[in-house]
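Numbering (UniProt numbering), first residue to last: 1 to 931. Cβ coordinates follow ideal geometry from the N, Cα and C atoms, glycine included. Presented below is the structure to which this report refers.
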DNA sequence: GCAAGGTC
């Protein structure tokens, strides 16, 4: 069997189809992994890397004293499978193979992925012949040629890839751990560092600094308007920017008729057709259509998987010879692009355009199949159309322009006007994405004298450099060699996920700045693209067998040790710098009471805005709990309170913008304030003026302070505080009721808990006690289904009883025993005889008596007499001596308050019989025995 | 819990 291993499933399938020719390919799915077989061959696809490099066991604890971040530099590494199913399948097939061909992509990573497959095969089959097929595009010609002339795996090329893996892991992991530990950040808030991400972040931070430090300069632009043959002409002063206002004014004053045309020059301009798409130019073009880098790539991958376009991850901007361009044109005929394709076929340029970069991995992005607008979604269609039109444009003739440059003289002041006219649109007919603005001048001739309609002097300011858009950043990353075609957009995503940068265009956060500053000051190597360049040079040397992998890694280790010498010497300083710089991230503004900073605080699931003047200043603003999302500060500020707006963010759900936290705090507490009977709008205004917003604040105030704060008399202050306490109590009960219902009644669409609560409140049910006595009809009216209502009522009753008992003073331990013995309500305790209670619960009868006394006092009932433990035991013996009385009967008798000979003798037989269920005859019998 | 690189 000839086993062929491709880089991915989709390639495996295509390779099989091509090699099989007319033969039928049998596709078999084994646990999500496909194999494609024909003749004696089986093709299987990997999933890129199916193994991953990691540190050998023992390095998982970040805080280990022995395995410090620095120790990761010299830690051994292991390769472990990440795609177990594929690994197993490859090894199963390899055992049976008599030839294995590695057919992964033709680039460094592809070679490494191939070597990984090679090692998997060798581990189970040490002798089988393994060769390598190399191809730049999965086209019949290339694939056949590659398999007819197989070569060997290039171990040096793969070793270059391995060196990269090791260096990246070692630097990234050790520095990430070091910085995170220094700044005391863990879990979701770790501070990551990496060869690609850190220089990328540094670029964004640097750009922000440039913008902040930018000092705008004023300049002036002078232009005039004239006219010929009824056509307006705008001419600019030849001086361009005037930086001197006086000079500009003088030039303006000097601009007088006659305005004479001194020179007219016509020229031709060749407007080159665009070059084929590689990943970066594609992302840039897609971003003009409004797609983010990640979106554009996701859609392109979709189109690729469905056979509409070629592989979207490529560095190549030159069509390989093997690519059959005519065939592609033909497949596009007949559809929406029919007319455009026909035009291209007719006017085809002799050689397609080519970009600067040529590589062996994949062809430039091009259409591979015809699609209809209906088959694709709106966004997919837009991207597909872009790829099709770009492809057509690369085969179209250049556009031609006629340009005119006209010089004027206005009494000594020189002016220029330029015009452009598209005389042959060429590729622009079919690629409408870049605008070609024509500026058509009237026919002008040297010596023409024209009127001056208007002279304009505009004052302008120089502008700071623009922030990076995602697509611009990807372009610059590519220029600097940072990341790859497949990872650049993901790196940006990572920076966003780490909350290092935000917004579009990208802005650094304080954390992003702090980390960049710390690395810049103490480990500058990792923030510079230079590191990637050096690594690539070293990789090049490994490929050429001039250096070895281990030698390159050893050198990198030495360098990283030096970096750590510096880092460890300043660990505390680095940590406190980051922590100080990022504190501001949580600051929303100044405290209206004391002027200290207000900060967002997170304490477990609760979060609030507190004053840094605490505990002297207790001002605080409550926020919804973090189950609604983590509170972060936004840039906008509230005009009224000067505080930054707050947003709650949660993965997977839309962010909740609270706006100004104080405005939101005030609104959500108004209703509660109005629950106080004496509260008036005027009082509310006075309270707000003193930054008192909640009933709980009022309830916690001393009357004196309240009198002073809002200028009321002592009686009124007392009353307000009492009312606030009452309101607080009601609110507490309500919130308890809300939680209680939430626990039992699951929320459902159209039946939110807010609605249920509102309906219950309207029916006068505002706490659990009211709920326990509620009419089931009321619950039904509130939209609670019957089954849930029954459960809810029972649970409410249980809870109320339990509370009543606890309030009466029964300790929790005893309470549990009572409940276990089926004694649940205060009434039970009052009416059930003490001997029964003691025997059912195992509690000492004297203790039971104490409990019963507490409950009875509370209910205003007489307490039954005490029964001692000794009396109970003696009585039990007396009863058991009577023939016919066993343990079970004693228990029954207890229920009727009969626990010894004396109580039996005095018992009311009729009543005892009905309580215990023992017949009167037998009871008389027992009493008879006593006599 | 860490990187960057494949792929989905």
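Of the candidates 139, 280, 609, the residue whose Cα lies closest to the Cα of residue 294 is 280. Take residue 97, set aside five residues on each side of it, and the residues of its chain with a beta-carbon closer than 6 Å to its own are 1, 3, 128, in chain order. Among the bridge pairs identified by DSSP, residue 131 is matched with 101. Around residue 701, the same chain offers 721 as residues with beta carbons nearer than 7 Å, after the five sequence neighbours per side are excluded. If you look at residue 753, you'll find it in the alpha helix (DSSP H) that goes 753-762. Shown here, residue 62 sits in coil according to DSSP, grouped into three states, outside any helix or strand.
For residue 606, the enclosing beta strand (DSSP E) has its first and last residue at 606-611.
Counting the other Cβ atoms within 10 Å of the Cβ of residue 142 gives 16 or more, which makes it buried.
Between residue 459 and the set 225, 897, 346, 252, the nearest pair of CA atoms involves 252. In this structure, residue 672 sits away from residue 637, with a CB-CB distance that is not shorter than 8 Å.
By the neighbour-count definition (other C-beta atoms within 10 Å, threshold 16), residue 323 is a buried residue. In the structure shown, the three-state DSSP call for residue 180 is helix. In the three-state reduction of the DSSP assignment, residue 454 falls in the strand class.
Taking 8 Å as the cut-off, the beta carbon of residue 134 is found closer than this to the beta carbon of residue 151. Our two residues, residue 532 and residue 489, have alpha carbons roughly 17 Å apart in a direct line. In terms of Cβ geometry, residue 635 and residue 454 do not form a close pair [threshold 8 Å].
The Cβ atoms of residue 599 and residue 582 lie no closer than 8 Å to each other. By the 16-neighbour rule on beta-carbons within 10 angstroms, residue 289 is exposed.
In the structure shown, the three-state DSSP call for residue 602 is strand. From the listed residues 416, 897, 130, the smallest Cα separation to residue 835 is found for 897. Counting of Cβ neighbours within 10 angstroms places residue 742 among the exposed residues, the total staying below 16. Residue 244 and residue 258 have their C-alpha atoms roughly 26 Å apart. Cβ neighbours of residue 265 within its own chain (closer than 6 Å, five residues either side excluded): 405.
Within the stretch 243-307, the complete beta strand (DSSP E) segments at least 3 residues long are 259-271, listed from N- to C-terminus.
Residues of the same chain with a CB within less than 8 Å of the CB of residue 766, apart from the 5 flanking positions on each side, are 730, 733, 734, 737, 760 in chain order. Membership of residue 391 in the alpha helix (DSSP H) is indicated by the continuous run 378-394.
The alpha carbon of residue 534 has as its nearest neighbour, out of 168, 913, 81, the alpha carbon of 168. The stretch 186-203 and the stretch 89-106 do not touch, with fewer than 3 CB-CB distances between them shorter than 8 Å.
Between residue 833 and residue 894, the C-beta spacing is below 8 Å. The stretch 792-802 makes contact with the stretch 765-784; the number of CB pairs closer than 8 Å reaches 3 or more. Residue 800 sits in a helix when the DSSP states are folded into three classes.
For residue 226, the three-state secondary structure derived from DSSP is strand. With fewer than 16 neighbouring CB atoms inside 10 Å of its own CB, residue 777 falls in the exposed class. Looking from the CA of residue 59, the closest CA among 904, 740, 681, 68 belongs to 68.
Per DSSP, residue 41 is one residue of the beta strand (DSSP E) stretching across 41-45.
If you check the CB distance, residue 659 and residue 589 do not come in under 8 Å.
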